[in-house]
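S.K.: Handing you a structure now.
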Amino acid sequence: MIDSAVAIPAVETRELTARYGERTALAALDFRVAPGERVALLGPNGAGKSTLLSILATLLAPSAGSARVLGIDVARHPFAARRVIGVVFQGPSLDRRLSVQENLRLLARLYGLRGAALARAVDDALAGVDLAERRRDRVSTLSGGLARRLEVARALLARPQLLLLDEPTSGLDPAARAEVWGAIEAQSKEGATVLYATHLGEEAERAHRVVILDQGRVVAEGTPASLKAGVGGDVLVVESDDAEWLAAQARERFAVPAAVVEGAVLVERERGHEFVPTLVEAFPGRARSVTLRQPTLEDVFVHVTGKRFRVRGST
């Protein structure tokens with residue numbers, strides 16, 4: 006990656022605020038992405054991820070503050086900003102009646118490309134997502150994974166310096182997700198800056214750096230490894246008929262972080278395997294089962310916010 010200390014940030018926001026009526030989606034957000042970074046915006050739906058990407062993509066005007074891509078103020082100079090970004094939206098944007106190649110040629114013409122330049126851009130975009138052999142296939146015949154790869158190809162047509170992706174594998178099965186991520190990571194290795202939103206911890210693990218959002222604010226950021234190391238040991242998942250009572254008792258008796266998530270008690274403890282019998286014996290009959298695992302990025306969210314990682318809403 007390029008030295009972030011001397012390069013113009015690929016993305017920079019200062020006191021960025023977005024409101025929908027009385028609801029605040031982004032609250033004075035200060036945020037940077039260095040050129041060449043692959044950064045994940047992780048958080049439950051409603052955390053502000055899509056709002057942030059919409060502002061950076063010049064689709065939404067901020068209520069206050071500023072946002073820049075490659076040094077360009079997106080509110081003041083939206084057309085200049087659009088020349089350096091490629092966007093993959095959360096919803097499909099392909100014409101299913103056209104072929105793979107026709108979808109790309111149509112967008113290339115909107116970019117102002119003609120003749121040999123257009124043909125070269127289409128060829129390069131297809132090669133970048135390994136779809137060259139499907140160029141004449143109608144989009145309606147593609148699997149979900151192939152269609153999402155074509156969405157990525159569309160974003161690559163103008164050779165953008167910054168890729169913005171909103172839930173790029175939403176609704177796909179694991180195999181299709183792997184196909185899409187292969188295409189995205191290939192572009193990252195070629196030097197593109199990638200900023201993507203996800204509510205899936207395993208997808209955030211693919212980033213160089215993860216920024217966790219909650220209610221429009223950054224609550225934690227760092228590499229996936231450093232964030233998980235901050236959880237404080239192993240995670241015990243305790244199934245109980247009285248999870249709230251058990252969590253409160255565990256906190257009081259053992260002074261351990263314990264939260265109820267989706268009906269189970271999550272307890273953080275170093276050398277968790279040694280703590281399992283202690284916990285079970287302290288509350289006989291209260292634990293139906295205990296599972297020991299390593300921390301996830303969803304656990305980091307619970308650790309820093311004290312609440313469950315809920316998936317609802319759409320910002």
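Reminder that position 195 of the sequence shown reads as 200 in the numbering used here, one-by-one numbering, no gaps.
Quick reminder that beta carbons are idealized off the backbone N, C-alpha and C, glycines included.
Treat the numbers as computed from the prediction; the structure is a model and nothing was measured.
Taking C-beta to C-beta, are F84 and V223 nearer than 9 Å?
M.R.: The Cβ atoms of F84 and V223 lie no closer than 9 Å to each other.
S.K.: Are G48 and H204 closer than 9 Å when you measure CB to CB?
M.R.: The answer is yes: Cβ separation under 9 Å.
S.K.: Could you name the residues of the same chain whose beta carbon sits closer than 6 Å to that of E210, not counting the 5 residues immediately before and after it, in chain order?
M.R.: The beta carbon of E210 sits closer than 6 Å to the beta carbons of P229 from its chain, once the five residues preceding and following it are set aside; these are given in chain order.
S.K.: Relative to the C-alpha of G26, which candidate in I60, R19, S68 has its C-alpha closest?
M.R.: S68
S.K.: If you measure between the beta carbons of G53 and A80, is that distance less than 9 Å?
M.R.: no
S.K.: What does the alpha-carbon distance come out to for the pair R2 and E156?
M.R.: Any question about residue 2 goes unanswered here, given that the chain covers just 6 to 320.
S.K.: Return the residue from the list A126, V93, V242 that minimises the CA-CA distance to L2.
M.R.: Given a span of 6 to 320 for the chain in the structure shown, any question on residue 2 remains unanswerable.
S.K.: Just the C-alpha distance for L123 and A132, rounded to the nearest angstrom, thanks.
M.R.: Near 14 Å, if we compare the C-alpha coordinates of A132 and L123.
S.K.: For the ligand GDP, is there any heavy atom lying closer than 8 Å to the beta carbon of E303?
M.R.: Absence of the ligand GDP is noted for the structure shown, with no ligands found whatsoever.
S.K.: In chain order, which continuous runs of the alpha helix (DSSP H) of length 4 or greater are located wholly inside the stretch 69 to 147?
M.R.: Within the stretch 69 to 147, the runs of alpha helix (DSSP H) at least 4 residues long that lie entirely inside it are, in chain order, 83 to 87, 105 to 115, 120 to 133.
S.K.: Do you know how far the Cα of V92 is from the Cα of V351?
M.R.: Residue 351 is absent from the structure shown; the chain starts at 6 and stops at 320.
S.K.: Could you pull out every residue in the same chain whose Cβ sits closer than 7 Å to the Cβ of L99, ignoring the five residues on either side in sequence?
M.R.: Correct list, in chain order: N108, V144, A152, L155, E156.
S.K.: According to DSSP, is V305 part of a helix, a strand, or is it coil?
M.R.: It is helical.
S.K.: Quick check on R125 - is its C-beta less than 9 Å from some C-beta in chain C?
M.R.: The chain inventory of the structure shown lacks chain C, comprising one protein chain alone.
S.K.: Helix, strand or coil: how does DSSP classify G206 here?
M.R.: helix
S.K.: With 16 other CB atoms within 10 Å as the buried threshold, where does E17 fall?
M.R.: buried
S.K.: Enumerated in chain order, which unbroken segments of the alpha helix (DSSP H) with a length of 4 residues or greater are wholly contained in the stretch 171 to 201?
M.R.: 179 to 194
S.K.: How would you write the range of the alpha helix (DSSP H) that L57 sits in, first residue to last?
M.R.: 54 to 61
S.K.: Under 9 Å, do V272 and A255 count as touching if we go by C-beta distance?
M.R.: yes
S.K.: My assumption, with CB atoms under 8 Å, is that E244 sits in contact with S294. Please give the rounded CB distance.
M.R.: 5 Å
S.K.: For F288, which three-state DSSP category applies?
M.R.: coil
S.K.: Taking the continuous beta strand (DSSP E) assigned at R164, which residues delimit it?
M.R.: It is not in any beta strand (DSSP E) - R164 carries neither H nor E in the DSSP assignment.
S.K.: How about A15 and Q166: do their beta carbons lie closer than 9 Å?
M.R.: yes
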